[in-house]
Ligand SMILES: Cc1cc2nc3c(=O)[nH]c(=O)nc-3n(C[C@H](O)[C@H](O)[C@H](O)COP(=O)(O)OP(=O)(O)OC[C@H]3O[C@@H](n4cnc5c(N)ncnc54)[C@H](O)[C@@H]3O)c2cc1C
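Protein chains in written order, with our numbering: chain S, 939 to 1257; chain G, 8 to 253.
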């Protein structure tokens, strides 16, 4: 028996998502009293570092032609690794890549699945794990009854824990199906933190009055190393790019800290952000519904408050 | 082109969520249902656009009980040609995907569309499962798709950006915002939808491998602490000392 974890890499590099996934898988292995084995696809160097996060063994299909994602190829390789290692649970992140894999793997392995979980499983005779449903309005406990289980983990559900040491990397030889999806280009917004992975998020809404006023938001975000986000009407009117749209019909996030600036807090907006650990709301309307979902509130004009807040953070950083 | 669009029924975005039977069942009483927005706004409309440009048919498929026909009719009113409903009460995504794949396997669809996720269980699994069961490529979170003959160029959302991929039909695609612009059913569409067929098909026998056994509400938030707008140092101090997140 084992817990197999797919450790994602991009351009030959592991990111925080991989370390989160391995940490989750290792803790799951402890719950089940077994070992955690990591599988990597592509030519990422330094796969042995996954041992630090709890992998007792790291398998790698070290082939640069596999660096580009194709859900069919990756599913086939991960399924072969699961079978070769008699895996009882297969873990991955609920990332853009993981979301394309979790369903495929479940169908491939005829395994029950739980996509987007945010807690460790319990195993008192039956395997149960929790996830948010109804866009964060409720929590569901899912019981998986098949021998093999597939689980994808929401980003920022737990912190990576590097308590172990590097392990040796074993080459894994798999039958690789022909590539049917070819990646032509990847356009990433340069220099900024990707929203779904961000621990700190500065988000703004229609209260900003127009795109020309976003300088104060960007300045605060940059100072904090935070990602920027926005409400739906802001993206719809092209004040900000679509990928910043959070909420029920945008990206769902769970950062440690979410600043909501000039956002009313409509139920569809809250649905995407209400799992944030701490919410700070800045709004000039004392009746704004967002205050009900907030931990800290400032009722004032954002054009006065945000520069003052940025100043206060600067002082704090320099202290 | 033969196009299949998977549609599901979800509670309206403003619906109050509650549970019954000791928090083991979703309580449908008083809940307004809609077609899952990603299915309706983006997947269905992009399929209709392709049909308008190149000819073909757009078929809706739903896995669910007869009460779902209202939702299916809405898709027919927006412009789909016909619909299939696999008659059952599904409990897991794999069950749903097995039904869809079983129906689709004999019908040679060029593209199978679904939404990027449903807004109730937020699983984003069905598309990938259908693709795996039919041995097809799967492109998730598509925000643009152009088709030239059998070759598609698709832009998909990834962390902090976009990826552009090429793939040949047949394939499965999951729709995100941007893939198309929402359409509203016209009066004529609504009239015509009444005459369009919903083909009811018996389900394939398959087991449920995962089930929701219990629901909880998220823990209640403590009262919001209001901070003096003239004292942002206090907010920073609280975030540091009390919330311990910076
Ligand atoms: C099916 C459906 C899905 C939806 N999905 C989403 C979604 O995913 N994400 C989303 O965000 N929305 C979504 N919406 C839209 C949502 O209902 C709201 O309309 C939207 O969130 C409002 O955006 P906003 O808060 O930026 O704007 P508004 O509601 O206009 O609020 C602006 C706020 O700014 C405050 N303000 C104005 N000026 C100032 C100032 N100078 N200083 C301080 N505060 C100020 C105002 O008091 C107000 O509270 C959806 C709607 C539907 C029907």
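From the three backbone atoms N, C-alpha and C, an ideal C-beta is built for every residue, glycine too.
Rounded separation between residue i and residue j - CA only
i	j	result
residue 167 of chain G	residue 245 of chain G	30 Å
residue 1017 of chain S	residue 1047 of chain S	7 Å
residue 24 of chain G	residue 250 of chain G	29 Å
residue 232 of chain G	residue 1217 of chain S	11 Å
residue 111 of chain G	residue 1035 of chain S	25 Å
residue 983 of chain S	residue 951 of chain S	7 Å
residue 1133 of chain S	residue 1206 of chain S	18 Å
residue 1089 of chain S	residue 1040 of chain S	7 Å
residue 1166 of chain S	residue 1182 of chain S	7 Å
residue 41 of chain G	residue 90 of chain G	17 Å
residue 72 of chain G	residue 106 of chain G	13 Å
residue 990 of chain S	residue 1101 of chain S	6 Å
residue 80 of chain G	residue 954 of chain S	45 Å
residue 1051 of chain S	residue 1079 of chain S	12 Å
residue 1127 of chain S	residue 949 of chain S	15 Å
Contact list for residue i against chain G, beta-carbon separation under 8 Å
i	result
residue 1237 of chain S	233 and 236
residue 1242 of chain S	236
residue 957 of chain S	Correct list: empty, because the minimum Cβ distance to chain G is about 15 Å.
residue 1216 of chain S	246, 250 and 252
residue 991 of chain S	Going along chain G, no residue has its Cβ under 8 Å from residue 991 of chain S, so there is no contact; the nearest lies around 20 Å.
residue 1205 of chain S	20 and 21
Spatial neighbours of residue i in its chain, beta-carbon cut-off 8 Å, leaving aside the 5 residues before and after
i	result
residue 1148 of chain S	1177
residue 53 of chain G	120, 152, 182, 186 and 187
Residue i: contacting residues in chain S (beta-carbon distance under 8 Å)
i	result
residue 136 of chain G	1041, 1042, 1044 and 1045
residue 16 of chain G	The contacting residues do not exist; residue 16 of chain G stays about 14 Å from chain S at best.
residue 104 of chain G	1041 and 1045
Cross-strand partners of residue i (DSSP beta bridge)
i	result
residue 1168 of chain S	S:1142 and S:1183
residue 971 of chain S	DSSP lists no partner for residue 971 of chain S.
residue 1251 of chain S	Answer is none; residue 1251 of chain S lacks a bridge partner.
residue 151 of chain G	G:162
residue 178 of chain G	G:118
residue 17 of chain G	G:41
residue 232 of chain G	S:1234
Listed by chain order, chain S residues near residue i by CB distance under 9 Å
i	result
residue 129 of chain G	1053, 1054, 1069, 1070, 1071, 1072, 1073, 1074 and 1190
residue 41 of chain G	Per Cβ cutoff of 9 Å: no residues; residue 41 of chain G is ~12 Å from chain S at best.
residue 100 of chain G	1041, 1044, 1051 and 1053
residue 27 of chain G	The contacting residues do not exist; residue 27 of chain G stays about 13 Å from chain S at best.
Contacting residues, own chain, Cβ-Cβ under 7 Å from residue i (five flanking each side not counted)
i	result
residue 127 of chain G	17 and 18
residue 966 of chain S	941, 1027, 1029, 1058 and 1059
residue 1144 of chain S	1169, 1171, 1172 and 1200
residue 27 of chain G	34
residue 1231 of chain S	1203, 1208, 1212 and 1217
residue 1156 of chain S	1166
Residue i: contacting residues in chain G (beta-carbon distance under 9 Å)
i	result
residue 1118 of chain S	143, 144, 174, 175 and 178
residue 1196 of chain S	By Cβ distance, chain G contributes nothing, its closest Cβ being about 10 Å from residue 1196 of chain S, past 9 Å.
residue 1082 of chain S	216, 217 and 218
residue 1247 of chain S	239, 242 and 243
Residue i: contacting residues in chain G (beta-carbon distance under 7 Å)
i	result
residue 1187 of chain S	44 and 184
beta-carbon residue i near ligand 2 non-hydrogen atom, thresh 6 Å
i	result
residue 1240 of chain S	As far as ligands go, the structure on display features ligand 1 and does not contain ligand 2.
Cut-off 6 Å between Cβ atoms - residues of its own chain near residue i, not counting five sequence neighbours on either side
i	result
residue 1202 of chain S	1226
residue 899 of chain S	Past the edges of chain S, shown from 939 to 1257, lies residue 899 of chain S, and the structure says nothing about it.
residue 98 of chain G	215 and 218
residue 222 of chain G	26 and 30
Contact set between residue i and chain S, taken where Cβ atoms lie within less than 7 Å
i	result
residue 224 of chain G	1076
What are the uninterrupted segments assigned as beta strand (DSSP E) that are 3 or more residues long and contained completely in the region 1039-1116 of chain S, given in chain order? For the region 1039-1116 of chain S, whole beta strand (DSSP E) runs of length 3 or above, ordered along the chain, are 1050-1055, 1065-1071, 1076-1082, 1087-1091 and 1107-1109.
What are the uninterrupted segments assigned as alpha helix (DSSP H) that are 4 or more residues long and contained completely in the region 943-994 of chain S, given in chain order? 954-970
Continuous alpha helix (DSSP H) assignments of at least 4 residues falling wholly in the region 1206-1248 of chain S: none
Taking only runs of the beta strand (DSSP E) that begin and end inside the region 31-68 of chain G, which ones reach a length of at least 3 residues, in chain order? 40-42
Output the residue ranges of the beta strand (DSSP E) runs that lie fully inside the region 191-240 of chain G and measure 3 residues or longer, sorted by chain position. 205-208 and 217-223
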